[in-house]
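Structure first, commentary second.
4 protein chains.
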Amino acid sequence: MIKVGIVGGTGYTGVELLRILALHPEVQLTAITSRKEDGVKVADMYPSLRGKVDLAFSAPDKANLTECDVVFFATPHGVAMAQAQELLAAGVKVIDLAADFRLKDVAQFEKWYGIPHTCHDVLEEAVYGLPELNRAAIRNARVIGNPGCYPTTMQIGYAPLLRAGLIEADSLIADCKSGVSGAGRKAEIGILFSEASDTMKAYGVSAHRHTPETVEQLQKLTTEPVSLQFTPHLIPMIRGMHSTLYARLKTDISNEALQQLFEDAYKDEEFIDVMPFGSHPETRSVRASNMLRLALHRPGNGKNVIVLVVQDNLVKGASGQAVQCMNLMFGLPEQTGLQHVPVLP
Amino acid sequence: MIKVGIVGGTGYTGVELLRILALHPEVQLTAITSRKEDGVKVADMYPSLRGKVDLAFSAPDKANLTECDVVFFATPHGVAMAQAQELLAAGVKVIDLAADFRLKDVAQFEKWYGIPHTCHDVLEEAVYGLPELNRAAIRNARVIGNPGCYPTTMQIGYAPLLRAGLIEADSLIADCKSGVSGAGRKAEIGILFSEASDTMKAYGVSAHRHTPETVEQLQKLTTEPVSLQFTPHLIPMIRGMHSTLYARLKTDISNEALQQLFEDAYKDEEFIDVMPFGSHPETRSVRASNMLRLALHRPGNGKNVIVLVVQDNLVKGASGQAVQCMNLMFGLPEQTGLQHVPVLP
Amino acid sequence: MIKVGIVGGTGYTGVELLRILALHPEVQLTAITSRKEDGVKVADMYPSLRGKVDLAFSAPDKANLTECDVVFFATPHGVAMAQAQELLAAGVKVIDLAADFRLKDVAQFEKWYGIPHTCHDVLEEAVYGLPELNRAAIRNARVIGNPGCYPTTMQIGYAPLLRAGLIEADSLIADCKSGVSGAGRKAEIGILFSEASDTMKAYGVSAHRHTPETVEQLQKLTTEPVSLQFTPHLIPMIRGMHSTLYARLKTDISNEALQQLFEDAYKDEEFIDVMPFGSHPETRSVRASNMLRLALHRPGNGKNVIVLVVQDNLVKGASGQAVQCMNLMFGLPEQTGLQHVPVLP
Amino acid sequence: MIKVGIVGGTGYTGVELLRILALHPEVQLTAITSRKEDGVKVADMYPSLRGKVDLAFSAPDKANLTECDVVFFATPHGVAMAQAQELLAAGVKVIDLAADFRLKDVAQFEKWYGIPHTCHDVLEEAVYGLPELNRAAIRNARVIGNPGCYPTTMQIGYAPLLRAGLIEADSLIADCKSGVSGAGRKAEIGILFSEASDTMKAYGVSAHRHTPETVEQLQKLTTEPVSLQFTPHLIPMIRGMHSTLYARLKTDISNEALQQLFEDAYKDEEFIDVMPFGSHPETRSVRASNMLRLALHRPGNGKNVIVLVVQDNLVKGASGQAVQCMNLMFGLPEQTGLQHVPVLP
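Chains as they are written, first to last, in UniProt numbering: chain A, 1 to 345; chain B, 1 to 345; chain C, 1 to 345; chain D, 1 to 345.
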């Protein structure tokens, strides 16, 4: 059994890790830390876990994380970088669900996250945790920077087109929509029920942290300079992310060939579902599962190709992907503990 | 492996059966019928099942249901009674999620459902499928009348009090609230998103079919005549049921003793969670799981005892309970295939 | 024109006052205070008011409230009692939307609100602001304690029955449901969208502040001792309140006579709509309006009479009712500025 | 007083017309037709109108529409074209909220709406009812084709840029999001609460009727060929539309100049609110009002200019705009009866 520790388990990615790991056949939940909730039983904070998770939160110092095989950081940006070195030295693998190990470019990290990066050598070693594009490296990684939710959809959607050199890399437009859980479990007016339901809005249109992360990764797939307009929106649903990805074809190609390109790219992927050409995936079709579904459109057989991508922002967009990485790092079948059927309705 | 057939799998209880049974380790989905959708792949109608369920709907006559070990009827009232006899004769067990085999009193059935009951002998044999109150009979049953969603919460909540003779049986008030999925997957104006969201209402206040069903069952638990005021409400949520059960104590009793009464009554139950006295269970704490949670209140230590009960109306209130019955009928551990962790948030 | 000041206009009752008063033909908005938002334009905080309200928030000390004709307190409990005396001395009328002047029984106030009442003489003078039951006194009042949202529905629903001596006053059960805006505009985890949508729960079942307020008022209508079980629930909708009121008839009476009793009681009321016997009012049927709708039920012509009451908790349940009181206090037609058509869908 | 008739008042644009016209100071509601609801009181179907609208639906033949001054068609496509001629001959003005008189290009109409256009001469005379771009013609019109909801946002958002020749007209991308009420009040599975809440999806991505309408209108503003990618999405909210409009600048221009361009274009418009540069308008900021708000973005001061536009799809996107046209046609101040303050929260 893999001894698992979770740092900062009180947020949504934390409780989602618990939901998944509680039934993971190869995992033994060993420790979960929260300074604020020290001593509180996890199931008292999250009644959904009553009878499923028997752990109590413990203060970081009491948690003996060094006895774990792997530690997930479901924490604000900046926490993992402070503790990673000690854990790695003790032979503990690290998976950070925040941004500390996502951006290789330290200057970019410090510009967008507003804190100094204090852990350059671990950052150098860290592996970007998107299995479908980076599986081999993840298998051998000691430390993972788990991708952001939006970047996951954009990379899965654009990758086959960029790799094949079919689209203008310098004029990508990603119009993305996220459920409110993506904003986390914070006491903020803007995400109150009475503020965020029965309404919607865009946010961070002029600048968003997920742009540099996505561009850094997409640039690996093409020699042409990548330029991306990423526009996030807040949608009145709890879970779910829908990315509408626009690209302009450089060369003519049949819709059949486009569809084939994506089916070939993802034919061996457990968690990527290429739907029939012209489909309209719904976010609920992946609710509470690690699936990502996508479909291609080519209006009027013109220059625009549109990729519609849906995922559950808390699963494939966060905690499920992190467990998928863990499975790879420990030589388990990739889908272990991740075969939930989406909850619909 | 248990060969399972589903009649009428296009509604919410049908797709929920598929969500549960697709991962049930002892089940082989054999047939699913729908006259209207004959030939359509289940996963084309419910993309959430892509890669999980490979069956196509078939017309009833083509379905060879007699080769199944058990057939679930996720159909409108009146369908199961027309086919049960033939299936039983062929050695197939029957579980009806509709009302055909719930009410022993034929006159009551015909009054409340407006159709003649055409299958009296099967009705006589049928067992009411509420495991926590009727487990032994279910184990030996060939045909099950699966309880209504509301009646499940009312029986679990009132049973310990009635059995102990603690409350006035003739003045029960059950104020119940249901998510919209309880109304089924029908093209009706009243349950459109734009009609049923951001609003609520009561319905069927003067008379509702679940009253006679509940009274018939509760009456088994006490010699005093049971009288129940059941008031259902439609709440803008997809899944979830919250019953607020009022009863008046006949004899004084300490809150500790009340709590103990419920903890003793359900201490061996996998799917009943008696929360600490004075808790306020949320419907989301059981979302997409077979758990039912309840908590006791005794305002001002007065005559009123209040039982708060929550369940997922599609799982413990319908399809999950039906699978729980199936497990008992086939000698499997009761929780087989039903150990989902509730989805929160 | 009536010069109006608002103290603490940043919450939902505050912005709702602004929505109503911005188009009130006899009102001139003169000052709105907020220590925290001093200098911020109201329309910058609430873009819905752009072009409709030109005021900026000002710190209380700068606001010259003594130049107003009336001041509304849309503040936490305890604020109005600290400022009422000075305003009254300056000839300014006071309408408090919080609880400072609701409960005549000081001991009860201090028990339930946990703060000492520092303004007994004003409390003595204060008038309970429920026009339908207290119109004459409101007309001559200098200071109003505006009713709580739940108490409004319970009093309007029970009053005709209690006055007529038709029901057992000592066994009232009010099962009430409120939209989330009733919890106010506070940065609290429990009312985040991801916590409060697609789910529901009861709260404060064992004890709630609105019970003593309601009992104190209901007791004025009958010589028999009133006992009330009030059970509030949180529902995933922004606005709207639905109260399901149970009472037991002492004497037999026809349903026609019951209906007539209510129609007579409210026949001259602009804002009370007695619907046909057996109706099921929806909260959306009064959304964003000052209407309160109710309907009677008598299941099985038995001892239980049920009154279903709906209102918009922010309008008839708070700010609209306060403006209705203001109209009375200044001799205006009661419906002035309050004739909005409910927003449906 | 203007005598107003409404044909087909049972849908959402119909009830929204009633909500607005019931308080319109210059309007007398004279007739409302519905074959199916003949004789039913409007307020019985829409309790929100109890006490506000006293009319009953009448069958078309009984309605004496020819005695009205103006008739609104809140009907499916194809109805208005069948009755317009007779009404015009009788001196009755016609405002069609459907598509019969939107597209001047008959071939386009017949291609996209799948029915023959039977009323060419009226179509020729018809005026496109977008006051901000077509006010003079509307003033003198006898028949109005009221714009579609999406096209309204796209035209208001792109018009200043196209007129000034600042953007590449052949690469417009409009990513639009609509509340579910935009789908109308039809008994369809896809828009049930349990199907459309807590989820989202795109639809009609490859082809949508609002594209030709929008292009036909935008083409009037520029000599360059307009090419538009319009992508609609269904969002779990009742009302509200958010359009995210992308365009590429041909010439460099300062953000200040861009902002000035829009402020100048709409400085005299009652119902267009140009928010500060870089704002993120919310749909709720216009809920239940005729306002349209927009804001400009220029990420990284690059080639992309983004216009965020919000409106209430049932008001400025439909019924409010129709009343705005009526006011112009009858020489009334444009904002008469349309000054609602948006409902927030």
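Heads up, the beta-carbon is just placed ideally off N, CA and C, and yes, glycines get one too.
Does the stretch 189-204 of chain A come close enough to the stretch 232-242 of chain D to have 3 or more Cβ pairs within less than 8 Å? yes
If we count Cβ pairs, one from each stretch, closer than 8 Å, do we get three or more for the stretch 5-21 of chain B versus the stretch 7-25 of chain C? no
Excluding sequence positions up to five away, which residues of its chain have a Cβ less than 8 Å from the Cβ of Pro333/C? Excluding positions up to five away in sequence, the list reads Asn327.
Just to confirm my understanding: we take Ala84/B, look at its own chain, exclude 5 residues before and 5 after, and list those with CB closer than 7 Å. What are they? Val94, Cys119, Val122 and Val143
Over what stretch of residues does the beta strand (DSSP E) that includes His242/D continue unbroken? Met241 to Arg248
Less than 9 Å between CB atoms is the rule here; does Arg284/B satisfy it with respect to chain D? no
Closer than 9 Å to chain A by CB, Ile238/B: yes
Using a C-beta cutoff of 9 Å, does Leu308/D count as contacting chain A? yes
Contacts that Asp198/A makes with chain B (C-beta to C-beta distance below 9 Å): Ser197 and Asp198
Three-state class that DSSP yields for Arg135/B in the structure shown: helix
Contact list for the stretch 162-184 of chain C against chain D, Cβ threshold 7 Å: Ser181
Let me see if you follow: with CB-CB separation under 9 Å, is Lys201/C close to chain D or not? no
If I measure Cβ to Cβ from Val309/C and keep anything under 6 Å in the same chain, skipping five residues before and after, which residues do I get? Thr153, Gly157, Ser243 and Leu294
Quick one: measure Cβ to Cβ for Asn64/C and Gly182/C, integer angstroms, because I've assumed they're closer than 8 Å. With 8 Å as the limit, Asn64/C and Gly182/C do not qualify as a contact, their Cβ atoms being about 32 Å apart.
Mind listing the chain A neighbours of Ala90/B? Cutoff is C-beta to C-beta under 7 Å, in chain order. One finds nothing in chain A with a Cβ atom closer than 7 Å to the Cβ of Ala90/B; even the nearest lies about 30 Å away.
Is the stretch 123-136 of chain A in contact with the stretch 101-111 of chain A, if contact means three or more CB pairs nearer than 8 Å? yes
Taking just the CA atoms, how far does Ile173/A sit from Ile167/A? 12 Å
Find out if the Cβ-Cβ distance for the pair Ala257/B, Val305/B is shorter than 9 Å. no
Complete alpha helix (DSSP H) runs within the UniProt domain "Semialdehyde dehydrogenase NAD-binding" (3-141) of chain B (minimum length 4 residues, chain order): 12-21, 42-45, 80-89, 106-113, 120-125 and 131-139
Euclidean distance between Cα positions of Leu292/B and Glu188/B: 29 Å
Compare the beta carbon distance of Gln229/C and Pro147/C with 9 Å and say whether it is the shorter of the two. no
Assuming the contact rule is C-beta atoms closer than 8 Å, Leu296/D and Val307/D should be a hit. Round their C-beta distance to whole Å, please. Right, the Cβ-Cβ distance comes to about 6 Å (below 8 Å), so this counts as a contact.
Determine the contact status of Phe271/D and Asn255/D, defining contact as a CB-CB distance below 9 Å. no
Using 9 Å as the limit for Cβ to Cβ distance, is Pro25/B near chain A? no
I want to verify the contact list: residues of chain C whose CB lies under 8 Å from the CB of Ala22/D, in sequence order. Val341
Just verifying my parser: in three-state terms, what is the DSSP assignment at Gln335/D? coil
What separation, rounded to the nearest whole angstrom, lies between the Cα atoms of Pro281/C and Val215/D? Those two C-alpha atoms are separated by around 45 Å.
For the beta strand (DSSP E) containing Phe271/B, name the first residue and the last one. No beta strand (DSSP E) holds Phe271/B; DSSP gives it neither H nor E.
Beta carbon of Ala74/A, beta carbon of Gly9/A: below 9 Å? yes
Quick check on this structure: which residue in Pro232/D, Tyr12/D and Ser34/D has the alpha carbon closest to the alpha carbon of Ser194/B? Tyr12/D
Spatial distance of Glu224/B from Trp112/B (CA atoms): 24 Å
Using the three-state DSSP reduction, which class does Ser171/A fall into: helix, strand or coil? DSSP places Ser171/A in helix when its eight states are reduced to three.
Cα separation between Ala56/C and Glu26/C? The straight-line gap from Cα to Cα measures roughly 21 Å.
Measuring only between beta-carbons, confirm whether Leu296/A sits less than 9 Å from chain C. Output row for Leu296/A: interface = no.
Contact under 9 Å by Cβ, Leu221/D with Ser289/D: no
Closest Cβ-Cβ distance between Lys41/C and chain D: below 9 Å? no
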